[in-house]
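If you read the protein sequences in the order shown, they are chains A and B. So in the numbering used here, spot 80 of the first sequence is number 80, and the numbers just go up one at a time. So in the numbering used here, spot 171 of the second sequence is number 594, and the numbers just go up one at a time.
Number of protein chains: 2
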Amino acid sequence: MRIEVICTGDEVLTGKIVNTNFSWISQKLEDFGLSVTWETTVGDDRDDLLLAFQLAGQRADAVIVNGGLGPTVDDLSQEIAAKAAGVDLVLSSEWLEKMEAYFARRSRVMPPNNVKQAMLPAGAEVLDNPVGTACGFAVQIGKARFFFTPGVPRELRRMLEGEIIPRLLAKSGKQTAIHLKRFHSYGIGESHADTLLAGLEALAPDGSVKLGFRAHYPQLETKLTVRGSDMDEIRVKLAPVEQEVRKRFGNFILAEDDRTLEGVVIDELANLDATLSLVETFTGGQIAGRIAHLPGAEKIVRRGVMARDIAQVYSAVGLDPREAGEISRESAETVARAAQRNTGATHALAVLIEVDEGADRLEFAGTVCLAIATAHEVASRRSRIVGGRDWVRLGAIEMGLDCLRRYLQGLPVYERIDFEKVE
Amino acid sequence: MRIEVICTGDEVLTGKIVNTNFSWISQKLEDFGLSVTWETTVGDDRDDLLLAFQLAGQRADAVIVNGGLGPTVDDLSQEIAAKAAGVDLVLSSEWLEKMEAYFARRSRVMPPNNVKQAMLPAGAEVLDNPVGTACGFAVQIGKARFFFTPGVPRELRRMLEGEIIPRLLAKSGKQTAIHLKRFHSYGIGESHADTLLAGLEALAPDGSVKLGFRAHYPQLETKLTVRGSDMDEIRVKLAPVEQEVRKRFGNFILAEDDRTLEGVVIDELANLDATLSLVETFTGGQIAGRIAHLPGAEKIVRRGVMARDIAQVYSAVGLDPREAGEISRESAETVARAAQRNTGATHALAVLIEVDEGADRLEFAGTVCLAIATAHEVASRRSRIVGGRDWVRLGAIEMGLDCLRRYLQGLPVYERIDFEKVE
């Protein structure tokens with residue numbers, strides 16, 4: 001079954017509001033094994049609305065239209081739906097009574113322009129809206145069944161779940177389930193990941209697992225979309241594939257599904273009853289900024305200090321600033337040990353960065369020296385990251401948190417990553 | 424000129440990612456007096472991509488296509504563009520060399536599958552991408568000029584501003600010049616701002632100034648779009664209107680045009696040859712994270728400390744932790760003074776926050792006590808912010824930086840804002 005969505009309204013078309021209604025509709029349909037194949041956004045314009053309805057009516061089996069059911073003059077959905085369906089607009093006395101009752105319950109008199117909301121294409125099927133005055137409805141346009149929904153998110157959600165999805169499932173006559181499995185990694189570029197996972201889709205039968213990526217530097221998200229008749233079948237199909245992803249990516253997988261790197265770090269520390277002290281330079285507090293505000297962090301993140309000057313860093317952790325020298329693995333280790341002792345935290349992470357001089361440019365690089373100290377040991381690594389000021393800073397934040405994750409999980413703090421320059 | 428946008432990719436079509444690229448493109452074009460009339464989203468599907476390109480090529484004068492230029496098998500934009508234009512895909516040696524240089528600068532060998540990114544429709548015009556390997560290009564399909572752009576937001580933005588908007592403006596042949604004047608404020612809500620600026624557009628002749636807002640909490644952007652025959656005429660029309668905005672918003676304007684709050688703070692401190700020490704609690708390093716990495720900040724931001732526990736805060740600034748009591752204006756003043764003395768900075772900002780207990784909810788509130796100290800004086804304020812954990816944290820970051828801006832500019836640190844709850 002081919003499903004399309006048409007979003008209407010100048011506010012969405014001009015970008016004044018981000019179209020979260022569409023992403024919500026599409027995700028919700030995916031949850032029920034239904035897929036949207038085409039989306040169109042048009043403004044509050046009669047010609048464009050009519051053309052959009054006609055084109056979708058030629059291509060699709062079902063169309064969900066969002067917006068344009070309000071009481072004001074720029075709400076045109078009913079009028080154009082009637083025109084596209086070749087019928088008249090008629091007053092729905094059923095909906096008019098519902099609206100009058102709706103206002104009466106709120107001790108208000110219905111304004112006259114709300115009558116417009118009860119004008120529906122002749123023969124339309126009413127879709128109930130228990131939380132507002134916009135009347136949903138379904139009509140046939142071309143070869144497609146059109147479902148008209150309100151733009152107000154909570155009204156849309158109630159109507160989609162309560163009225164439209166049951167009709168779509170009945171119409172599709174199939175009950176397939178779909179599941180999205182996600183892996184988050186740091187240190188592997190998208191094309192490298194694509195190469196590493198070559199042949200992966202073939203591990204599941206008849207194309208039921210589809211591989212995809214989403215790169216948002218510094219992290220990469222690897223996604224497996226799995227289809228089956230139900231969740232049990234999906235689990236069976238997914239098992240060998242997800243095992244293979246874990247094997248091929250190894251220690252680079254930092255979290256799966258809805259978990260985040262900072263969440264994993266906080267959880268690992270909480271499991272150990274551990275506390276954390278942080279020391280930053282060029283990342284300027286942004287490592288702390290990723291974790292210190294999270295629920296539960298108030299018991300774990302003991303202290304963070306940040307300074308751009310290495311002598312200030314030494315002072316801030318109780319070392320003699322006159323002993324501060326070059327940024328190196330050794331100085332990072334010294335600072336991490338001092339921060340751990342000084343604050344009484346069980347763990348300290350120090351991320352010291354020597355950045356290039358001069359203006360930002362693609363070749364702008366930074367040398368990251370980081371160390372993780374406990375009362376008993378210290379681990380460290382040195383990496384050179386190239387690619388501009390932001391690239392270096394964002395890479396160093398992720399590297400700091402990911403090395404801490406690795407340390408807490410008993411994995412090697414150093415493994416070569418795709419974003420570092422080997423000298 | 425009729426402009427359409429086509430967004431491609433399963434991630435957008437299935438709603439896994441919200442389509443912020445589209446709203447950004449549309450807003451950016453509006454800023455230049457250009458309007459998008461139709462948007463289409465299709466997945467990584469050859470038939471649907473081809474149909475979408477053909478339909479837009481029949482309707483529009485210019486089409487911006489976003490996404491599908493990556494190195495992996497599901498990136499289909501070049502292939503389908505060539506098919507729709509009726510030409511072959513050919514290797515662009517110009518782009519191949521650029522990519523090889525890009526990888527060489529990062530000391531990496533280009534993976535073989537990246538070659539795909541240099542395959543362009545024959546006769547395509549290259550649109551430069553200075554920040555990535557995806558090659559933008561322009562081709563004619565039907566009666567429209569198509570502009571193909573990468574899905575990675577920062578690459579899209581550079582290409583749209585640098586390559587595409589100038590071509591669209593030239594193509595539109597508009598004789599009129601357009602100028603966008605922007606004011607950034609903190610503490611005034613959108614509907615309050617709308618009321619404050621009532622009648623503003625009437626100060627310029629014949630509707631040549633259009634007022635708009637973009638709320639991105641905690642800041643509000645107020646935009647004046649001005650049309651005229653050239654920049655001289657625009658300046659004349661704009662002058663009385665922008666003066667009026669400054670008068671009505673008063674001390675709430677924190678920056679204009681491309682300037683940012685953090686940039687203004689850094690510049691004010693630099694002008695005074697001043698240095699800064701920061702103390703944070705629930706904001707967890709995110710105030711420091713806004714300014715410490717900026718160019719020039721290495722000489723200004725002397726030290727930042729962050730702790731979730733008030734006793735730890737006292738220790739971190741050299742005070743006796745046993746003297747730490749409740750969070751109040753007084754304790755914020757004590758901490759700010761100590762941070763200033765302790766680090767030898769000319770200025771210290773302390774933002775202490777008492778947050779509610781329990782789960783996140785709309786009524787979740789925080790009491791922000793902040794103080795700004797120099798060797799000679801201290802200024803402070805107390806505010807209660809309600810609206811959930813993120814709302815409190817983001818509001819406190821902005822309040823801290825904006826109060827510092829006010830202090831440095833000789834303005835009152837306290838003026839009532841729309842986001843605080845008066846008890």
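Yeah, the Cβ is synthetic: ideal placement off N, Cα and C, and Gly gets one too.
- Task: Taking S208(A) as part of the beta strand (DSSP E), name the residues at either end of that continuous run.
- Result: From DSSP, S208(A) is part of no beta strand (DSSP E); its letter is neither H nor E.
- Own chain partners of G810(B) with C-beta closer than 8 Å, once the 5 adjacent residues on each side are dropped: Around G810(B), the same chain offers L785, F787, A788, G818 and F842 as residues with beta carbons nearer than 8 Å, after the five sequence neighbours per side are excluded.
- Sorted by chain position, which residues of the same chain lie with C-beta nearer than 6 Å to I353(A)'s C-beta, five sequence neighbours on each side aside? Take I353(A), set aside five residues on each side of it, and the residues of its chain with a beta-carbon closer than 6 Å to its own are T281, F282, G366, V368 and A396, in chain order.
- Query: Taking three-plus beta-carbon pairs below 8 Å as touching, is the region 227-239 of chain A in contact with the region 263-275 of chain A?
  - Reply: Touching, no, given that fewer than three Cβ pairs across the two stretches are closer than 8 Å.
- Message: Between the alpha carbons of E517(B) and I385(A), how many angstroms are there, rounded?
- Response: Answer to the nearest angstrom: the Cα atoms are 27 Å apart.
- Task: Let me know the alpha helix (DSSP H) ranges lying completely inside the region 727-809 of chain B, each 4 residues or longer, listed in chain order.
- Result: Counting only runs of 4+ residues, the alpha helix (DSSP H) found wholly inside the region 727-809 of chain B occupies 733-739 and 752-766, in chain order.
- Task: Reducing DSSP to helix, strand and coil, say where N19(A) ends up.
- Result: In the structure shown, N19(A) sits in coil (DSSP, three-state: anything other than H, G, I, E or B).
- Determine whether the Cβ of V774(B) lies closer than 8 Å to any Cβ atom of chain A. V774(B) does not count as touching chain A.
- Task: Could you tell me how far apart the beta carbons of L408(A) and L349(A) are, in whole angstroms, since I believe they sit closer than 8 Å?
- Result: Between the beta-carbon of L408(A) and that of L349(A) there is about 10 Å, and that puts the pair past the 8 Å contact cut.
- Residues that D48(A) contacts on chain B, provided the C-beta gap is smaller than 7 Å: For the C-beta of D48(A), the chain B residues within less than 7 Å are, from N- to C-terminus, T460 and W461.
- Query: Going by Cα to Cα distance, which pick from V378(A), R105(A), A82(A) and R406(A) is closest to R337(A)?
  - Reply: For R337(A), the nearest C-alpha among the options comes from V378(A).
- Query: Counting along the chain, where does the alpha helix (DSSP H) carrying H184(A) start and finish?
  - Reply: According to the DSSP assignment, H184(A) belongs to no alpha helix (DSSP H) but to the beta strand (DSSP E) extending over A177 to Y186.
- If we count the other Cβ atoms within 10 Å of its Cβ and call it buried at 16 or more, is G622(B) buried or exposed? It is exposed - the Cβ of G622(B) has fewer than 16 other Cβ atoms within 10 Å.
- Message: Let me see if you follow: with CB-CB separation under 8 Å, is E326(A) close to chain B or not?
- Response: Against chain B, the CB of E326(A) has no partner CB under 8 Å away; the residue lies outside that interface.
- Item | Per-residue burial, I503(B) [other beta carbons within 10 Å of its own, 16 or more giving buried] | Burial state of I503(B) is buried, judged by a 10 Å Cβ sphere holding 16 or more other Cβ atoms.
- Item | Burial state of K506(B) (16 or more Cβ within 10 Å) | Classification of K506(B): buried, given that the 10 Å Cβ count is 16 or more.
- Kindly list, in the order they appear in chain B, the residues whose Cβ is closer than 7 Å to that of G33(A). For G33(A), no chain B residue has a C-beta closer than 7 Å to its own C-beta; the minimum C-beta separation is roughly 12 Å.
- beta strand (DSSP E) runs contained entirely in the region 127-203 of chain A, provided each spans 3 or more residues: Within the region 127-203 of chain A, the complete beta strand (DSSP E) runs of at least 3 residues are 136-141, 144-149 and 177-186.
- Message: Among F455(B), T443(B) and K439(B), whose alpha-carbon lies nearest the alpha-carbon of S26(A)?
- Response: Closest option to S26(A), Cα to Cα, is K439(B).
- With DSSP as the reference, please indicate the residues paired to L91(A) in a beta bridge. DSSP, once it has assigned bridges, lists M119(A) as partnering L91(A).
- Message: Against chain A, which members of the region 705-722 of chain B pass a CB distance test of less than 9 Å?
- Response: Cβ contacts with chain A come from F705, T706, G707, G708, Q709, I710, A711, G712, R713, I714, A715, H716, L717, P718, A720, E721 and K722.
- May I ask which residues mark the beginning and end of the alpha helix (DSSP H) holding L238(A)? Segment M231 to F249, the alpha helix (DSSP H) holding L238(A).
- Query: If you draw a straight line from the alpha carbon of W24(A) to that of M159(A), how long is it in whole angstroms?
  - Reply: So the alpha carbons of these two residues sit roughly 13 Å apart.
- Where the alpha helix (DSSP H) through Q58(A) begins and ends: For Q58(A), the uninterrupted alpha helix (DSSP H) run begins and ends at R46 to R59, by DSSP.
- Query: Which two residues bound the contiguous beta strand (DSSP E) that contains R650(B)?
  - Reply: Segment Q642 to G651, the beta strand (DSSP E) holding R650(B).
- Message: Please confirm whether V422(A) has its beta-carbon closer than 8 Å to some beta-carbon of chain B.
- Response: The beta carbon of V422(A) sits closer than 8 Å to some beta carbon of chain B.
- Within its chain, find whatever has a CB closer than 6 Å to the CB of I178(A); leave out the 5 residues flanking it on each side and keep chain order. Counting only Cβ-Cβ distances below 6 Å, and skipping sequence neighbours, we find E30, G33 and R227.
- Task: Using 10 angstroms around the beta-carbon of P412(A), count the other beta-carbons present and answer buried if the total reaches 16, otherwise exposed.
- Result: When all chains shown are included, P412(A) counts as exposed.
- Query: Do you know offhand how far V496(B)'s Cα is from T464(B)'s?
  - Reply: Distance between the alpha carbons of V496(B) and T464(B): 19 Å.
- Message: Can you give me the C-alpha to C-alpha distance between D484(B) and G630(B), rounded to a whole angstrom?
- Response: Distance between the alpha carbons of D484(B) and G630(B) is about 27 Å.
- By Cβ distance, which residues of its chain are closer than 7 Å to E155(A), with the 5 residues on each side in sequence left out? Annotation for E155(A): N129, V131, G132 and A134 place their beta carbon closer than 7 Å to its own, counting only its chain and skipping 5 residues before and after.
- Between the CA atoms of P744(B) and I310(A) - distance to the nearest angstrom: I310(A) and P744(B) have their alpha carbons spaced roughly 26 Å apart.
- Message: Distance cutoff 8 Å, beta carbons only. Does A730(B) sit that close to anything in chain A?
- Response: Yes, A730(B) lies at the interface with chain A (some Cβ there is under 8 Å from its Cβ).
- Output the distance between the C-alpha atoms of A316(A) and V736(B), rounded to the nearest integer angstrom. Distance between the alpha carbons of A316(A) and V736(B) is about 13 Å.
- Task: Report the partner residues of S500(B) according to the DSSP bridge assignment.
- Result: BP columns for S500(B) are empty, so no partner.
- So, K116(A) versus P71(A), is the Cβ gap smaller than 8 Å? It is a contact, given that the beta carbons lie within the stated cut-off.
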